Each structure stands twice: as structure tokens, then as C-alpha cells.
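Residues in the sequence shown are numbered consecutively from 255, following the working numbering.
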Amino acid sequence: MITGPSQADCAVLIVAGGVDEFEAGISKNGQTREHALLAYTLGVKQLIIGVNKMDSTEPPYTQKRFQEITKEDVYKIGGIGTVPVGRVETGVLKPGIVVTFAPAGITTEMKSVEMHQEALTEVMPDDKIYL
């Protein structure tokens, strides 16, 4: 895994689409998560995602579940604007620091950091936060 991505412009990541397989792959010690992080660490900025087992009927498709997934990433809050939601992978975030969001390369100043509608002075790895 290490030698190929160190010189690549793009990587292909195959994600398991079976019941509970995706969740296992992106869990804290999952291989999907590990491979994506390694590729990014080695300088791969573009990733092609392939999903296997897309023909599986378990669990059955529901519009409700699809909407739950799309709502997990970004919220639009009146009077505030777009609020990204995510988890801190590494490092520490504090209000006032300048951050760059990958892979889009968007740089901005952190106005506030919140968890469960509570303003925080600092967040650490594994914290799930609103930025």
C-alpha cells in the first residue's frame, strides 16, 4: 500500500457495500479508513470511490435512510449560514485558528466550535463537532 500511492496523482478506493461492511471499514480501526488516510498522507489529493455489492437488496433502499445520510454532513441554519459537521481526526481545533478543509482546499477562520449545542474552547481527536 505504501509504495504505489507515494507517486500517484489519484487513487481508487473500493468500499464494501454489504450490510455493516461499510461501517466496519470506516470504523476507528477499519481498513477503508486506514487506506484513505494513508493515501492522503502520502499526497494523493484525488480519490475515486468504487462501491462493490451495489446489487445487494439487504438492507432494502429507503428514501428516509438516504436523507439521514445526506443530512449528516452539512446544516443550513438561518442567520448563521452553512454549518459543516464532522469528526476531528488529528490535532486540536480552537476558535480563531485558520483551517483548510480537504480535499476542496477551502481556507477559513474558525468562528466557533460546538458539540451538542455547547460552545467549546478546544476540541480533540474523535470529537464530533459543528464548525
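Idealized CB from N, CA, C, for every residue including glycine.
Note that the structure is a prediction, hence the values are computed from the model and not measured.
| Asked | Found |
| --- | --- |
| Residue burial classification, residue 333 (beta-carbon count within 10 angstroms, cutoff 16) | exposed |
| Rounded C-alpha distance that separates residue 266 from residue 292 | 13 Å |
| Candidates 364, 312 and 306, of which the one nearest residue 337 by Cα | 364 |
| Contact under 8 Å by Cβ, residue 269 with residue 298 | no |
| Three-state secondary structure (DSSP) of residue 374 | coil |
| Spatial neighbours of residue 302 in its chain, beta-carbon cut-off 6 Å, leaving aside the 5 residues before and after | 266 |
| Through-space distance from residue 350 to residue 312, alpha-carbon basis | 45 Å |
| Run of the alpha helix (DSSP H) containing residue 301, from where it starts to where it stops | Premise fails: residue 301 lies in the beta strand (DSSP E), 300-306, not in any alpha helix (DSSP H). |
| Pick from 283, 379, 346 and 315 that is closest to residue 271, judged by C-alpha positions | 315 |
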